[in-house]
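Only one structure is covered here, and it is reproduced in the block below.
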Amino acid sequence: MLRALTSTLRLPRPWRPLRTRSCASHGATGDPEIQVRALTGRDQGADLKEREQMSEAEVGIFVQRLRGLMNEIAAFPAPTIAAMDGFALGGGLELALACDLRVAASSAVMGLIETTRGLLPGAGGTQRLPRCLGAALAKELIFTGRRLSGAQAQALGLVNHAVSQNEEGNAAYHRARELAQEILPQAPIAVRLGKVAIDRGMEVDISSGMAIEGICYAQNIPTQDRLEGMAAFREKRPPRFVGK
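Residue numbers (UniProt numbering): 1 to 244.
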């Protein structure tokens, strides 16, 4: 069992096709952040009106690809933060659930509302929501198709932070950036291994989870950042992590 875990728990390599900020905690500023924008024209898609025109086979393929996309986001090696400033219904909330952390405006509206449209969540919602809130509450929200405000979602533990909306309508986005800035100075390899240990450990029993934690910890021991962290503590100065 331990040997099988060791072979599968390797630190994921960065996604090279994406141009992201350096993994060094003191990397140069000015690099463009990754932005996800709504597509227009023929590419805008992901609409129930569009799906209504699909054949049964096309619907199956569409949802399968959507599920695959959510899985790729969940497996992204660096921490991901979802910012919900408006509506996140159905697939929108499933996208947020695939992220590590979630921030919402108090006035945001979210929910897995598929049952109100004769559907059920098909892009990970039936699996990630109960892992987030527990089975009973997840069943209640999915069975009823209930919509929640950002404030209600925070009370349930669905989002990490709920903030009052601003005039620009991007309060959650700014809070998400602040949260990212708290993570950025930390040791990149340790953060990534922590994500692996939590995500993989949640899928197994506690004993196997402890083994996973041990394997991840062992991978961090030879890193320069571990030595830098201890040296910085001894010398009473901020650490300068380089992601090695």
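Backbone N, C-alpha and C define an ideal beta-carbon position, used for all residues, glycine too.
Around the beta carbon of residue 219, a 10 Å sphere encloses 16 or more other beta carbons of the protein chains shown; the residue is thus reported as buried.
DSSP places residue 55 in the coil class of the three-state scheme, outside both helix and strand. Scanning 90, 99 and 113 for the CA closest to the CA of residue 76 turns up 99. Here the C-alpha atom of residue 68 lies approximately 22 Å from the C-alpha atom of residue 197. Counting every other CB atom within 10 Å of its CB across the protein chains shown gives residue 61 a total below 16, marking it as exposed. Ranked by Cα distance from residue 186, the first of 87, 225, 101 and 234 is 225.
Nearest to residue 105 by alpha-carbon distance, out of 190, 183 and 167, is 167.
Taking the Cβ atoms as the reference, residue 85 lies roughly 7 Å from residue 171, within the contact range of under 8 Å. Straight through space, the alpha carbons of residue 175 and residue 110 are spaced by roughly 18 Å.
Of the residues 193, 211 and 240, the one whose Cα lies closest to the Cα of residue 78 is 193. DSSP, reduced to helix, strand and coil, places residue 81 within a strand of the structure shown. The stretch 88-150 contains, as complete beta strand (DSSP E) runs of 3+ residues, the segments 101-105 and 109-111 (chain order).
Counting every other CB atom within 10 Å of its CB across the protein chains shown gives residue 206 a total below 16, marking it as exposed. Nearest in C-alpha terms to residue 107, of all of 71, 164, 177 and 214, is 164. Between residue 103 and residue 88, the CB-CB gap reaches or exceeds 8 Å. Here residue 162 carries a strand assignment [DSSP, helix/strand/coil]. The criterion of a C-beta distance shorter than 8 Å is satisfied by residue 131 and residue 202.
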